[in-house]
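In the working numbering, the protein residues as written are 1 to 207.
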């Protein structure tokens, strides 16, 4: 390798050491080991280290086509040590600040969404439902009133006819009464047969 390539490789490995320190602290912060099961922590650790190794080899491949030297490991350790001694405290404070800002921003936006969007829509829906229910009750009351009025009017109109039929029934001969009763009984039988048939048909449809 040329001197420029070696210099770029050293600089890349030092940078990767810094990046590894940042990644490790970020991973540890979000993992929260005491709260996780050992099996989950084990799987996450394997995935983290494999990803870091692949990323470092990819950077090394871009810089010097993947040639590995002992001093590159030292450069990697140097970058990691620089992060630990110089930047770790600052980065952790920055990370906590960013997370706190994101949490507060999320809660603020959630409150805005609830107060500006959810609650007004909920109030409008309940208002419309109350209007619909009130209109339905009013309509039902109106229909019931109309039905009662019609029954009353029909009762008044048909009362004289009922009296007249009662008088005519008194003067009808006995044979005529029996004939009328037979016809009425037949019609009643047909009515009950049709009613039972409809009940059975509705029961089959429900099954």
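Ideal Cβ positions, reconstructed from N, Cα and C, are used throughout, including at glycine.
Nearest candidate by alpha-carbon position, reference residue i, set the options
i	options	result
residue 64	197, 135, 82, 6	6
residue 220	8, 192, 136	Nothing about residue 220 can be read from this structure; the chain reaches only from 1 to 207.
residue 73	196, 10, 179, 138	10
residue 99	29, 191, 59, 180	29
residue 21	32, 49, 4	49
residue 25	59, 67, 89, 58	89
Buried versus exposed, by CB contacts within 10 Å (16 or more), residue i
i	result
residue 140	exposed
residue 83	buried
residue 222	Lying outside 1 to 207, the shown extent of the chain, residue 222 is not represented and no answer is given.
residue 138	exposed
residue 184	exposed
residue 18	buried
Closer than 7 Å to chain B by CB, residue i
i	result
residue 164	No chain B is part of this structure, which consists of one protein chain only.
Quick test of the definition: if touching needs 3 or more C-beta pairs under 8 Å, does the region 38-47 touch the region 93-104?
The answer is no - the region 93-104 does not touch the region 38-47, with fewer than three Cβ pairs under 8 Å.
Under 8 Å: do the region 73-80 and the region 8-20 share three or more Cβ pairs, one atom per stretch?
yes
Should the region 116-128 be regarded as contacting the region 48-55, the criterion being three or more beta carbon pairs within less than 8 Å?
no
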